[in-house]
Each structure stands twice: as structure tokens, then as C-alpha cells.
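Numbering-wise, our numbering comes out as the position in the sequence shown, counting from 1, plus 495. Even glycine gets a Cβ: it sits at the ideal position worked out from N, Cα and C. Comments concern the structure below.
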Amino acid sequence: MSYDKVEVPEEGEAIEFDGESLSVPDNPIIPIIYGDGIGVDVAPAAQNVLEAAANATGHDISWMRVYAGERAQEEYGEGTHLPDDTVSAFEEFHVGIKGPLTTPVGAGFRSLNVALRKELDLYANVRPTYHLDGVPSPVKNPEQMDMVSFRENTEDVYAGIEWEAGTDEVQEVREFVEQEMGFDETIHDGPVGIGIKPITEFGTKRLVRRAIDYAIEHDRDSVTLVHKGNIMKFTEGAFRDWGYEVAREEYGENVITEDTLWEERDGEAPEDAVVVNDRIADNMLQQILTRTDEYDILALPNLNGDYLSDACGAQIGGLGIAPGANFGEGRCLAEPVHGSAPKYAGQDKVNPSAMILSGRLMLEYLGWDEAADLVRDAVEETISSKQVTYDIHRQIEGGEKVATSEFAEAIVENIEQLA
Ligand code: NAP
């Protein structure tokens with residue numbers, strides 16, 4: 496692969512994917528986007544910590560800096576937000592990490608995050624939500640939260656099929672919907688914006704399969720399909736039905752659905768079986784608060800997944816902590832849940848934990864479990880010792896408020912002590 500403005504590091508080797516599994520060298524080349532806003536603060540902090548954990552466990556990382564967002568325009572020229580170099584690097588090297596990217600609301604270019612996920616077919620956004628000791632939380636028992644959400648990443652209202660009010664296109668769509676499809680009393684008169692919400696069998700099944708596989712592999716009890724199928728019957732209702740189809744048809748005795756459990760088995764699940772159930776999204780938003788410990792793995796269409804995973808994140812200490820990663824076939828792009836928080840950009844102030852713990856998911860994907868555990872333990876140790884960034888400091892008694900870079904240094908020291 497040839498690159499226009501970025502360089503492949505001379506040290507380090509490419510990760511290979513043979514269609515089934517990855518082969519990971521000891522010193523893989525990992526592309527990284529720092530991102531906009533606070534990306535310049537949290538990304539270098541994460542690099543330090545991930546490198547320290549890799550080194551402490553006999554590995555190394557050769558970073559390849561690539562660009563997107565504002566910095567991409569500086570490097571590649573006005574209007575280029577997502578250069579081909581960047582997409583090619585993630586394609587060639589399979590595993591990477593990115594900081595947040597700013598998306599303008601209402602006008603301007605479409606989300607670069609959405610574009611990257613679509614270009615690389617990163618169809619599952621995975622967000623584990625667990626509580627770390629010492630992190631303040633707005634709920635009484637944050638330790639009960641231990642869920643992993645699998646959010647579909649390529650379709651739903653995020654597919655970008657929408658038309659602006661006042662355009663010829665929206666008028667054409669309106670006429671088709673009203674005259675051809677018979678919805679003539681449905682849309683109010685006057686200007687209207689229209690979007691389309693595709694949910695496919697293909698997109699749903701591969702996402703739900705991934706969630707069930709994860710539940711089996713990690714010995715978890717249940718997978719909950721979260722949908723709004725009572726209202727959106729042919730999109731979210733179909734998500735539920737196709738999800739159950741995967742569970743019934745592809746896993747034999749390893750997986751059992753909640754309805755067969757009650758109808759055929761007097762409520763008893765075979766030992767070790769994963770139970771697949773479903774909940775309506777609005778109910779689920781209150782259940783995560785009121786019956787937190789009853790849920791385990793969640794599988795959701797794109798929009799529900801966006802809302803629900805942030806709500807879960809709030810229960811374990813907020814956006815500064817919440818990690819995530821996007822997965823496709825033989826691909827992983829780790830990224831924190833939070834955005835670019837422009838008001839704090841470049842101040843060396845914000846919490847890098849979310850980006851660091853996203854990197855931990857990347858290390859797990861490489862099969863470097865020891866390094867991944869070290870990262871988690873060292874972050875927990877650092878927060879427990881009350882050396883914390885502003886967001887945590889304002890919520891606890893005492894403690895020392897430290898900068899982003901100092902917090903990362905403290906984590907590195909803890910990695911060296913724990914290793
Ligand atoms: P945001 O950037 O996540 O920031 C919202 C608030 O969350 C901040 O003001 C801050 O709260 C807190 N916060 C976020 N990250 C933090 C961190 N690392 N440490 C401590 N506190 C943190 O959300 P936004 O303001 O809605 O979005 C800003 C831009 O980011 C938008 O353009 C949006 O589209 C984009 N965005 C990108 C991604 C992505 O790249 N994946 C994801 C979400 C949003 P306090 O001020 O209360 O301390």
C-alpha cells in the first residue's frame with residue numbers, strides 16, 4: 496500500500512488476517528488518530544499507558560499517526576476531513592485506535608465517525624460498562640453495573656438517507672410516500688425533513704451473532720435485544736424477530752430464548768446456556784437503573800445503542816471513563832464514548848481513562864490479555880489513590896487534582912509496580 500502524506504514506521508510489522516483469525520507480531524504497527532478537541536490531550540496519554548503495558552508484558556507497539564477531522568484539513572487541504580491515507584492504514588493494519596472527532600450539527604459535513612465505521616464495515620460498536628473502585632457515581636450501587644452493549648453500527652437512522660426541508664428531493668420523496676404509498680394524512684403541511692430508517696436481516700443477524708458469541712465465550716448469562724418494536728414494527732420489531740431467529744436456529748442447546756424457557760422448561764435454563772430475551776427500549780432505560788444486576792449483554796439497533804450506552808456510562812462515573820471499540824471481520828477500531836469536548840481542548844485537563852480503557856479493548860483483541868488486565872488494574876489503582884483529573888476530583892472528598900498527562904504518568908508508574 497502506498498501513502499501520500501503519512502509514513503509507515505520502519506520498526507514494527509503488519510498484523511495479518513487470513514479470513515478467520517489474526518496473526519499478531521510482537522511489535523505490531525497500530526494506526527492512531529488523535530482526533531479533534533481534547534483528542535490532543537487524551538490520545539498521547541493513552542499511547543504512553545498502552546505502550547507501558549505492552550512493554551511490561553514482552554510486546555511493543557509501533558504507532559502510525561494518521562489524520563482525520565481538523566488536523567486532516569491542515570495536512571491535506573481544505574475540505575479533506577477523512578483522507579484516503581487514513582482509511583487505507585486501518586484497512587492494511589486491521590487494528591487501530593482513534594480519539595474523538597467533531598461533527599457539526601444541522602449543516603456541514605456528515606459524521607466522520609459514521610463514515611469511518613461504514614468505510615471499514617465496522618458493524619459492531621461494543622461498549623463494556625463496569626465500575627472501577629473509587630470512581631464516584633450518581634447511583635447507590637454502581638458495582639452492580641456490568642453490562643456490555645453491542646450497538647449496530649452501519650444502518651438505522653444513521654444510514655444518512657435523509658433529505659433537507661425545502662429541496663426538490665424532499666418534495667419528490669413526500670409525493671411518493673403520500674401518493675404512491677398511501678400515507679396521505681400522515682405528514683403535516685409545510686416544510687418537512689425526511690429520513691429513512693433501514694434495518695436489514697443481514698445487519699441485525701451479524702450483530703446479534705457477535706453478541707451471543709461474546710456471551711458464550713465470556714461465560715455470561717444473558718443477551719437482551721433492546722428495541723422499540725411495539726411502535727416501529729417493521730424495523731425495530733424485525734430486529735427483535737431476526738435476533739431471536741439467530742438464537743433459535745444457530746446455537747442448539749447453548750442458547751435458549753426466554754419464551755421457550757417459560758413455555759417448555761418451567762422457567763429453568765439448562766446449566767451454562769445463554770438466555771436470549773428482549774425488552775422495549777424505554778423500559779430498558781429505567782431497568783438499567785432499577786434492576787441493574789439482572790442484565791448482562793445488550794444487543795441494540797444503532798440509535799437505541801447510542802442513547803442506552805451513554806446512560807449506562809453515566810452510572811459508572813460518566814463519559815471520562817466509558818470505553819468503546821468498533822469491530823468488523825478481522826478489524827478493530829477502539830475509541831472512547833465521549834466526544835471532542837472543544838471547551839477543554841489542549842488544556843491538559845480532561846480524563847484520559849476512556850481512551851486508555853478503549854485501548855485496553857484493543858489489547859484484548861490482539862490477544863494480549865495480560866497487558867489488558869494491567870491497564871485496567873493500574874487505572875483502578877490510580878483512581879483509588881485519589882490522584883484524579885478534574886471530573887472525578889469535583890465529586891470526591893479530598894484527593895489530588897492532576898493534569899491529563901500527570902494522571903497518565905501515575906498509571907504508567909502503577910503498571911511498572913504491578914507488572
Ligand atoms: P462531549 O465532547 O463528550 O462532552 C460533553 C461533556 O462530557 C464535557 O463537557 C464534559 O463534561 C464531559 N466529558 C467528555 N469527555 C470527557 C473527558 N475525557 N474527561 C472528562 N469529562 C469529559 O460531548 P458533546 O459536547 O456533545 O460533543 C462535542 C463534539 O464531539 C460534537 O461535535 C460531537 O459530534 C462530537 N462527538 C464525537 C464522538 C466520537 O468521535 N466518537 C462521540 C460523541 C460526540 P463537563 O463539562 O460537565 O465536565
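query: Simplified DSSP state of HIS713, which is helix, strand or coil; result: coil
query: Three-pair Cβ contact test at 8 Å for the stretch 544 to 555 versus the stretch 626 to 643; result: no
query: Beta-bridge pairing of THR752 - partner residues as DSSP gives them; result: VAL771
query: Straight-line Cα distance separating GLU748 from MET850; result: 38 Å
query: Cβ-based neighbour list, GLY534, same chain, cut-off 7 Å, excluding 5 preceding and 5 following; result: GLY594, PRO595, SER835
query: Helix, strand or coil at THR597 [DSSP, three-state]; result: coil
query: C-alpha distance - THR649 paired with GLY894, whole-angstrom precision; result: 42 Å
query: Beta carbon of ALA584 nearer than 8 Å to that of VAL561; result: yes
query: For ALA794, the first and last residue of its enclosing beta strand (DSSP E); result: 792 to 795
query: Burial state of MET676 (16 or more Cβ within 10 Å); result: exposed
query: Validate contact between the stretch 694 to 703 and the stretch 719 to 739 using beta carbons, cut 8 Å, 3 pairs; result: yes
query: Residues surrounding the ligand NAP [beta-carbon distance to nearest heavy atom under 6 Å]; result: ILE533, VAL537, PRO595, LEU596, THR597, THR598, ASN608, LEU814, GLY815, GLU830, HIS833, GLY834, SER835, ALA836, VAL845, ASN846, ALA849, ASP886
query: Which listed residue (MET559, MET857, GLU670) has its alpha carbon closest to that of TYR529; result: MET559
query: Under the three-state DSSP convention, the category LYS613 falls into; result: helix
query: Neighbour-count burial assignment, GLY553, 16 or more Cβ in a 10 Å radius; result: exposed
query: Which listed residue (TYR709, LYS838, MET779) has its alpha carbon closest to that of ILE792; result: TYR709
query: Supposed contact pair GLY823 and LEU617 - C-beta distance, whole angstroms, cut 8 Å; result: 5 Å
query: Local Cβ density within 10 Å of GLY532, reported as buried at 16 or more and exposed below that; result: buried
query: Opening and closing residue of the alpha helix (DSSP H) in which ASP864 lies; result: 864 to 879
query: Classification of ILE682 by the beta-carbon crowding that lies within 10 angstroms, buried from 16 upward; result: exposed
query: Sequence-distant residues of its chain with Cβ nearer than 8 Å to SER632 (five each side left out); result: HIS626, GLN810, ILE811, GLY812
query: Which of helix, strand or coil DSSP assigns to HIS888; result: helix
query: Paired residues, beta bridge with LEU828 - DSSP; result: GLY591, ASN821
query: Residues near VAL773 by beta carbon distance below 6 Å, same chain, minus five either side; result: The question names Val, yet the displayed sequence has Asp at residue 773. For ASP773, where only same-chain residues beyond five positions count, the Cβ hits under 6 Å are LEU720, ARG735.
query: Residue(s) in a DSSP beta bridge with LYS692; result: DSSP, once it has assigned bridges, lists no residue as partnering LYS692.
query: C-beta atoms of PRO968 and ASP536 nearer than 8 Å; result: This structure leaves residue 968 out entirely; the chain is present only between 496 and 914.
query: Nearest candidate by alpha-carbon position, reference PHE902, set THR877, PRO539, ASP716, GLN890; result: THR877
query: Close Cβ partners of PRO504 (< 8 Å) along its chain, the five nearest in sequence each way excluded; result: ILE524, SER557, TRP558, MET559
query: Entirely enclosed alpha helix (DSSP H) segments - the stretch 623 to 683, minimum 4 residues; result: 663 to 670
query: 8 Å contact criterion, which GLY769 and ILE711 should meet: CB distance rounded; result: As written in the sequence, residue 769 is Val, which differs from the Gly given in the question. The Cβ separation is near 6 Å, so the contact holds.
query: First through last residue of the beta strand (DSSP E) which encompasses ILE524; result: 524 to 528
query: Residues near VAL750 in its chain [Cβ-Cβ closer than 7 Å; skip 5 each side]; result: ILE707, ALA742, ALA768, VAL769, VAL771
query: 8 Å Cβ cutoff met for LYS896 and VAL907; result: no
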